[in-house]
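Notes for the one structure printed next.
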Amino acid sequence: MGTPLKNPPVYLTLVQARFNPVLKLADYVPSVQEGLRKAGYPAYTQQSSVVMRLPNTQEMQQQPSALPQPAQHVQYFFSNAAQTHGFVLNSDALTFQSSDYGTYEKFSAQFLQGLALVHDLVKLDFTERVGLRYLDHVAPRKGETIDQYLVPEVLGLGARLGGQLLHAFSETFCAIDKVRLRSRVLVQGGSLVFPPDLLPNGVKVHERFLQPSEVSAMVDTDGAVEGRELFAMDAVKKHLDAIHAVIGDSFRRTVTPHALKAWDE
Numbered sequence: 003m004g005t006p007l008k009n010p011p012v013y014l015t016l017v018q019a020r021f022n023p024v025l026k027l028a029d030y031v032p033s034v035q036e037g038l039r040k041a042g043y044p045a046y047t048q049q050s051s052v053v054m055r056l057p058n059t060q061e062m063q064q065q066p067s068a069l070p071q072p073a074q075h076v077q078y079f080f081s082n083a084a085q086t087h088g089f090v091l092n093s094d095a096l097t098f099q100s101s102d103y104g105t106y107e108k109f110s111a112q113f114l115q116g117l118a119l120v121h122d123l124v125k126l127d128f129t130e131r132v133g134l135r136y137l138d139h140v141a142p143r144k145g146e147t148i149d150q151y152l153v154p155e156v157l158g159l160g161a162r163l164g165g166q167l168l169h170a171f172s173e174t175f176c177a178i179d180k181v182r183l184r185s186r187v188l189v190q191g192g193s194l195v196f197p198p199d200l201l202p203n204g205v206k207v208h209e210r211f212l213q214p215s216e217v218s219a220m221v222d223t224d225g226a227v228e229g230r231e232l233f234a235m236d237a238v239k240k241h242l243d244a245i246h247a248v249i250g251d252s253f254r255r256t257v258t259p260h261a262l263k264a265w266d267e
């Protein structure tokens, strides 16, 4: 998001490419694991769960009364020894997550390296969605208030209503060229939180984000380019660059100059 801050508030970052289903993915996992192990991700686990699969359009046309059916869902996890970076692979997506973001250039390069490895082995046909998501923890320093860190539009009515603020939530969803951007801000008391649809899988959050705070905020910024395209690494990188630019602008419009200065000291 522009020039890196000395103490950025980002505590988890994810990037994902969704692609055509690969039903024989398990056949390729040993080769994927060996390639990622050599690239610096030696830790490996897998997780199975049962999910309800909804009938597709063709199935509904053939049998209008078709019901959701249970299906096995398997995910494969590959992480570095420090548990700060990790890949999650399933039959139709590769996700890279990090609790030690660094810079966009390095972060995106790590993901693209993993995606190229999967493509070389599996020969992916197309992408359905390319996405990038940042979780930022906004915690005022001692003697400061949350309104010094966030713009009024995302703070809610807590200051006007009086009493003790339990939580305030705002969400904005918009289209900026090809990028669909969803920006959520949750202001509440207590410690670090995660969105209900997102938990860190196999990565550890830095201790500095785990300190309790009287009032803090989660800024959840999620951008994506959707639509089926023939698979091409250059196209994936181009989409990520465009999404990153939109997310960076959104973040700078959500926080205040005071916040940026505080995180750069």
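Counting the sequence shown from 1 gives a position; the working numbering is that position plus 2. Even glycine gets a Cβ: it sits at the ideal position worked out from N, Cα and C. Every value quoted in this text rests on a predicted model; they were computed, and no experiment measured them.
Local Cβ density within 10 Å of residue i, reported as buried at 16 or more and exposed below that
i      : result
ARG162 : exposed
SER50  : exposed
MET220 : buried
THR147 : exposed
VAL153 : exposed
GLY204 : buried
THR105 : exposed
MET3   : Annotation note: pLDDT 45 at MET3 (below 50); position unreliable, no value reported.
ASN9   : exposed
GLY165 : exposed
THR223 : buried
THR5   : exposed
ARG143 : exposed
THR129 : buried
PHE175 : exposed
THR47  : exposed
LEU242 : buried
ARG20  : buried
ALA141 : buried
GLY191 : exposed
LEU119 : buried
LEU157 : buried
Under the three-state DSSP convention, the category residue i falls into
i      : result
SER33  : helix
TYR43  : coil
GLU155 : helix
LEU137 : strand
PHE113 : helix
ARG20  : strand
VAL195 : coil
LEU25  : coil
TYR13  : strand
ASP122 : helix
TYR106 : helix
LEU38  : helix
LEU201 : coil
GLY229 : strand
GLN166 : coil
ARG131 : strand
VAL221 : strand
Residue i - containing alpha helix (DSSP H), residue span
i      : result
HIS241 : 235-256
LEU7   : Careful: LEU7 lies outside any alpha helix (DSSP H) and carries neither H nor E.
PHE211 : Segment: none, PHE211 is in no alpha helix (DSSP H) and carries neither H nor E.
GLN150 : Note, GLN150: premise wrong, no alpha helix (DSSP H); not H, not E.
ALA84  : Looking at the DSSP string, ALA84 is not in any alpha helix (DSSP H), and its letter there is neither H nor E.
PRO259 : 259-265
GLY160 : 160-163
Range covered by the beta strand (DSSP E) that runs through residue i
i      : result
PHE98  : 95-100
ARG182 : 181-192
ALA170 : 169-178
GLY88  : 87-92
Exercise for the section: Report yes or no: do the segment 226-235 and the segment 37-49 share at least 3 C-beta pairs separated by less than 8 Å? Expected result: Remark: fewer than three beta-carbon pairs, one from each stretch, lie closer than 8 Å, so the segment 226-235 and the segment 37-49 are not flagged as touching.
Exercise for the section: Specify whether the segment 206-220 and the segment 104-118 touch according to this definition: at least 3 beta carbon pairs, one from each stretch, less than 8 Å apart. Expected result: Verdict: no, contact absent.
Practice task
Indicate whether the contact test is met: 3 or more Cβ pairs, each with one atom in the segment 100-111 and one in the segment 6-13, closer than 8 Å.
Solution key: In short, these stretches touch, since the Cβ pair count reaches three.
Practice task
Taking 8 Å as the threshold, find out whether the segment 192-201 comes into contact with the segment 124-132 through three or more Cβ pairs.
Solution key: When Cβ pairs closer than 8 Å are counted between the two stretches, the segment 192-201 is seen not to touch the segment 124-132, the count staying below three.
Exercise for the section: Give a yes or no on contact between the segment 130-149 and the segment 241-255, applying the rule of three or more CB pairs nearer than 8 Å. Expected result: As far as the Cβ criterion goes, the segment 130-149 touches the segment 241-255, which means the pair count is three or higher.
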